[in-house]
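A short worksheet on the structure shown next.
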Amino acid sequence: MTALRARLAASPWLWSFTAAALVWGLAAAVTGGRGAGEILTSALAFGTFTVIVGLGQMLVITTGPGNVDLSIPATMTLSGVIAMKVMDTESARILLGVAAALGASFVVGIVNYVLIRLLRIPPIIATLSSSFLVLSSAISYGRGLRIKPPPPLADFATIRLGGLPLVTIAIFALSLLIALVLKRTVYGRTVAAIGQNERAAWLAGLDVRRTRFITYVLSALLAGLCGILQSGFSGGAALNMGDDFLLASIAVVVIGGTSVAGGRGNVPGIWGAALFMFLLVTMLNIFGASPGVRLVMTGLIIIAVITAAGGETQAR
Amino acid sequence: MINPRLLRAALPFLSLAIVLGATFYLQPRTMSYFGLNLMLQYAVPIALATIAQMFIITVNDLDLSIGPFVGLVGVIAATVLNTDPALGIAALLACIIAYGLVGALIHLRNLPSIVVTLGLSFVWLGIAVMILPSPGGKAPPLLRTIMTFSVPYVPFPIVAAIVIGAIVHLALMTTSFGVIARGAGGNPKALTRAGWSMLQTRVIMYMLAGVFGLLSGLSLLGLTTSADAHVADRYTLYSIAGVILGGGEFIGGRVSPIGAVVGALTLALAGAFLIFLRISPDWQIGAQGAILIVVLAMRALITTREARS
């Protein structure tokens, strides 16, 4: 028991997988083991989208207290709307659509950084204000039309290889890459250093500005990618498609063991937390909970998990 | 050269004056007792929610659950409070105590307030949906009477805003508890070493936020007359923006109650202003974001000068 506790303290991401396994076990116990595999794969399919935005949010949160990207839902929506409209259901235009959508996301990332850097606005307010502008652009450009994704994109977003969704496999590879970047590159180490002590990082000669710029741009690009894939998955872009992702992107990062005070990012935990969140909803559905009960339970369990994982003494 | 510090304190009032002036210019008929009353009627609940958020920001936390909380209060007051007043009052008091407990939990376990209150927002919304699955209920007649109360010469929302601002200003800026509370945001370690209980301070600030969230919900219900669990979802963002527009800072206990009320009035007016501007509804939200950015840009300029002098 003490060994287990020590292990948990050393690798905070184990919490999220333990919680996910518990919830999965409970759900499987209720159904008598029927459909347990299907529950897991569908949680993986849905959870993958949360993981994409979670990776970006994790990088942002790791750069220190107060750094949160609230523009993720709006960026997703803008990217999805642009992608669907540029592709215009034609397979030949997929690459063009992806480029346009990611280009727009890139601009959002730059705007966020400029607001934070030049206007010295706290990141929460900067990304919040820019998200209003981004959302308006999406509404104005999309005109509320729902355009279907070209078949190859829809196939890519929904196809399964050996039971596993293809997108899940691709994003898993992307997660490995980001984990490597975070652990092994100058950029990744600088992100952590800034999060631990920005002034010390600056005095040590690290390029704080460039690192922060790259981080906000990466977060926007990942949100854009999620918007495109989500549009392919659910048969088109919708103006409210990003709504659920604001809470989810922050929750998976924090439940996944990334330090909210910054300085310590964690990639595997994001997967565990995303699985946990979707398995939780599935379990509550199986129990036949009403929407109100489901909301209350989701909230209480998020609070319980963060309480159990515990905060940490902030180094000042 | 104007003193940058003074300029900074004047900025919230300046922003309000500019938005008000622009509104009068676009639609001169609003420059009347009646017009102001109509444009500002929702300023009271927004101002109260902003004050609630300000208490939390004072101790360096952030409350992402205030919007759904305001909605829940409205739902309880429009249903339970009518059928069983004793139970209704008990439920509302329990909500305030719950706020205090959350403050204690955040303090004792050193948890990130953003995540805890994000989870809490689901709890409030869930309870509200359980009590009232679809919009309905009825405001208690007393609330209706208070919110439609008319004062001669000066519109009621303005009187209410001044009273709210003045009371909170006196409590937070002039009393010794206020100094400790703001100090809790400025330098909690120093205050702990000086023998003050940070736990107690935080719990009181969270409960105060609960009280003002409660008042916000009741005043909103008095205006809308029927309740909806989702009616105040936007209040979370409004309240944060209001505090910041009013000159507050996210960390360091640097807040201003009067500024926060003025910030809330500016936000409430900005909605009316944008309608008079006849910009496409698509860009309504975007324009609000732009206003926020412009005000913050002005403040950044002033702060740079303040740092230099």
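First to last, the sequence lines map onto chains G and A.
Under our numbering, the first sequence has 287 at position 287, and the numbering climbs by one with no breaks.
Count along the second sequence from 1, then add 1000; that gives the number in our numbering.
All residues carry an ideal CB built from backbone N, CA and C; glycine is no exception.
### Message
Using DSSP's beta-bridge definition, name the partner residues of residue 152 of chain G.
### Response
DSSP lists no partner for residue 152 of chain G.
### Message
Excluding the 5 residues flanking residue 81 of chain G on each side, which residues of the same chain have their C-beta closer than 7 Å to its C-beta?
### Response
Here the set comprises 138, 141, 142 and 237.
### Task
Mind the definition here: the region 23-36 of chain G touches the region 274-282 of chain G only if three or more C-beta pairs lie below 8 Å; say whether that holds.
Touching, yes, given that three or more Cβ pairs across the two stretches are closer than 8 Å.
### Task
Determine, using beta carbons only, whether residue 1076 of chain A and residue 1091 of chain A come nearer to each other than 7 Å.
Contact: yes.
### Cα-Cα separation, residue 1039 of chain A to residue 295 of chain G
34 Å
### Query
Straight-line CA distance for residue 1013 of chain A to residue 1115 of chain A?
Rounded to the nearest angstrom, the two C-alpha atoms are 33 Å apart.
### Message
Does chain G have any CB closer than 7 Å to the CB of residue 1118 of chain A?
### Response
yes
### Message
Determine, for residue 71 of chain G, whether the minimum Cβ-Cβ distance to residues of chain A falls below 7 Å.
### Response
When Cβ-Cβ separations below 7 Å define contact, residue 71 of chain G makes no contact with chain A.
### Task
With distances taken Cα to Cα, identify the nearest neighbour of residue 1185 of chain A among A:1026, A:1059 and A:1299.
A:1059
### Query
Looking at chain A, which residues of the region 210-223 of chain G have a Cβ within less than 8 Å of any of its Cβ atoms?
Within the region 210-223 of chain G, not one residue has a Cβ closer than 8 Å to any Cβ of chain A.
### Query
Which stretch, first to last residue, makes up the alpha helix (DSSP H) that contains residue 181 of chain G?
166-184
### Message
Using the three-state DSSP reduction, which class does residue 1029 of chain A fall into: helix, strand or coil?
### Response
helix
### Task
Mark residue 1149 of chain A as exposed unless 16 or more other C-beta atoms lie within 10 angstroms of its C-beta, in which case mark it buried.
exposed
#### Entry: Beta-carbon proximity of residue 16 of chain G to residue 255 of chain G, cut-off 7 Å
yes
### Query
The alpha helix (DSSP H) with residue 1082 of chain A in it runs from where to where?
1080-1083
### Query
If you compare alpha carbons, which of G:63, G:232, G:113 and G:250 is closest to residue 362 of chain G?
Absent from the structure is residue 362 of chain G, since the part of chain G shown begins at 1 and ends at 316.
### Task
Spell out whether any CB of chain A is found under 7 Å from the CB atom of residue 189 of chain G.
no
### Query
Bridge partners of residue 1136 of chain A, per DSSP?
A:1227
### Per-residue DSSP class, three states only, for residue 1064 of chain A
In this structure, residue 1064 of chain A counts as coil in the three-state DSSP scheme.
### Query
Do residue 956 of chain A and residue 1074 of chain A have their C-beta atoms within less than 7 Å of each other?
Outside the shown range of chain A (1001 to 1309) lies residue 956 of chain A, about which nothing can therefore be said.
### Query
Okay, do the region 1157-1165 of chain A and the region 1188-1205 of chain A touch, 3+ Cβ pairs below 8 Å being the bar?
The region 1157-1165 of chain A vs the region 1188-1205 of chain A: no contact.
### Task
Could you work out which residues of chain G lie near residue 1039 of chain A, taking near to mean beta carbons separated by less than 7 Å?
Neighbours of residue 1039 of chain A on chain G: none; closest Cβ ~21 Å, over 7 Å.
### Message
Give me the subset of the region 1263-1289 of chain A whose CB atoms are less than 9 Å from a CB atom of chain G, sorted by chain position.
### Response
1280, 1281, 1282, 1283, 1284, 1285, 1286, 1287, 1288 and 1289
### Query
Does the count of Cβ pairs from the region 1201-1211 of chain A and the region 1020-1028 of chain A closer than 8 Å reach three?
no
#### Entry: Interface residues of the region 1291-1302 of chain A facing chain G [CB-CB below 7 Å]
1292, 1293, 1296, 1297 and 1300
### Query
If you run the structure through DSSP and keep just helix, strand and coil, what is residue 239 of chain G?
coil
### Query
Under 7 Å, do residue 1212 of chain A and residue 1048 of chain A count as touching if we go by C-beta distance?
yes
### Message
Taking the alpha-carbon of residue 1282 of chain A as reference, which of G:110, G:49, G:133 and G:245 has the nearest alpha-carbon?
### Response
G:133
### Task
Please report the residue range of the alpha helix (DSSP H) in which residue 213 of chain G lies.
208-233
### Task
Give a yes or no on whether 7 Å exceeds the smallest Cβ distance from residue 1011 of chain A to chain G.
no
### Task
Using a Cβ cut-off of 8 Å, pull out every chain A residue sitting near residue 296 of chain G, in sequence order please.
1122, 1123, 1126, 1127 and 1130
### Query
For chain G, is any of its Cβ atoms less than 7 Å away from the one on residue 1111 of chain A?
Yes, contact with chain G.
### Task
Closer than 7 Å by beta-carbon distance: list the chain A residues that pair up with residue 307 of chain G, in chain order.
1105, 1109 and 1111
### Message
Check whether the region 155-170 of chain G and the region 99-115 of chain G are in contact - that is, three or more C-beta pairs closer than 8 Å.
### Response
no
### Proximity below 7 Å, CB of residue 157 of chain G to CB of residue 232 of chain G
yes
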